[in-house]
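Numbering (the working numbering), first residue to last: 1 to 351.
By construction, the Cβ of each residue, glycine as well, lies at the ideal position given by its N, Cα and C atoms.
Small disclaimer: the values here were computed from a predicted structure and weren't measured.
Report on the structure given below.
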Ligand code: SF4
């Protein structure tokens with residue numbers, strides 16, 4: 001049985017070959033599945049037998065979801081239940097002027113072990129299939145009624161841990177026969193998985209957005225905060241990012257979670273500037289740390305964030321201070337993967 005949400009339109013057509021009226025109705029079935037989250041072949045063919053033939057070859061599993069918390073400002077976190085009962089989280093983030101971004105997960109848990117991250121405390125339970133990752137968009141629209149224009153791969157799990165799955169998801173989301181998302185409405189956020197960055201470059205989606213979670217710009221500190229750095233130190237990551245540039249006006253996002261007392265010194269600001277220097281156009285997003293259930297440090301004060309932003313600007317960097325959205329409901333960056341999910345881990349078999 002093939003999950004429709006894991007296929008591009010061309011792949012769907014290919015696999016539908018020989019089914020009743022395939023040449024006439026495949027496009028409509030695919031479009032309805034991806035845009036409305038419905039697979040209803042009986043509405044397109046005459047007779048139960050013909051419909052059953054379609055159902056025998058394809059399935060569309062739209063996961064269940066429940067909103068976990070809502071707060072002022074309307075950042076909403078939802079828990080998405082996958083077919084085997086394991087759960088991931090996604091977040092609906094208001095961006096102003098009525099626009100929204102959907103932040104989705106790529107894995108159940110994560111093996112990367114970043115020390116400031118709640119998801120890391122879950123460990124990796126299992127990767128997600130392409131249809132499960134795409135399924136988050138379907139459930140967001142169909143079940144939760146969320147509207148969104150942009151998608152960021154910044155929820156639970158490192159998206160480039162399984163680059164082939166991510167590349168397939170990107171192909172499906174941008175396929176004109178289905179969701180038809182513009183490439184520049186998608187942002188992949190990585191902690192710096194170098195082979196994954198190289199694979200993403202080969203995909204050739206020139207307008208795709210890429211951001212890297214830097215969080216420390218010297219190897220000693222980054223080794224400590226983000227174990228991925230022991231495999232691919234900063235010089236290697238810098239080389240991969242410099243080689244990635246897909247278009248002349250490409251702007252790399254550099255995310256920097258500000259951890260008071262750990263990575264917020266004047267020297268840290270200089271290190272960031274040195275790291276970014278060969279990377280062309282860069283926008284540094286300073287993200288105040290969100291203390292979770294086992295905080296690494298405290299939250300930065302407004303004055304501390306402002307001071308660091310000023311230092312970065314003195315170094316000639318373009319900087320955006322990220323407003324923390326969703327901290328009260330544990331829906332903010334680095335806070336996905338809560339106690340409830342950890343309890344779920346104990347209840348459910350790990351594959
Ligand atoms: S920050 Fe991202 S890559 Fe690091 S542990 Fe958390 S989910 Fe995984």
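Any residues whose CB sits closer than 7 Å to a heavy atom of the ligand SF4? List them in chain order? 110, 112, 113, 114, 117, 119, 120, 156, 157, 158, 191, 213, 226, 334
Residue range of the unbroken beta strand (DSSP E) whose run includes residue 190: 186 to 190
Please name the residue or residues paired with residue 90 in a DSSP beta bridge. DSSP lists 78 as the beta-bridge partner residues of residue 90.
I'd like the span of the alpha helix (DSSP H) that includes residue 174, first residue to last. Its alpha helix (DSSP H) spans residues 163 to 174.
Alpha carbon to alpha carbon, how far is residue 98 from residue 148? Give it in angstroms, no decimals. 9 Å
Compare the C-beta of residue 128 against all C-beta atoms of chain D and say whether one is closer than 9 Å. Looking at the structure shown, chain D is missing, and only one protein chain is on hand.
Proximity below 9 Å, CB of residue 59 to CB of residue 95: Not in contact: residue 59 and residue 95 (Cβ atoms no closer than 9 Å).
Between which two residues does the alpha helix (DSSP H) harbouring residue 133 extend? 130 to 142
Would you check if the region 187 to 200 and the region 155 to 163 touch, i.e. whether three or more CB-CB distances between them fall below 8 Å? yes
Sufficient close CB pairs (3 or more, under 8 Å) joining the region 303 to 316 to the region 271 to 289: yes
Taking a contact to mean a Cβ-Cβ separation below 9 Å, would you say residue 3 touches residue 129 in this structure? yes
For residue 5 and residue 124, what's the separation of their Cα atoms in angstroms? 23 Å
When DSSP builds the beta bridges, which residues end up paired with residue 109? 124
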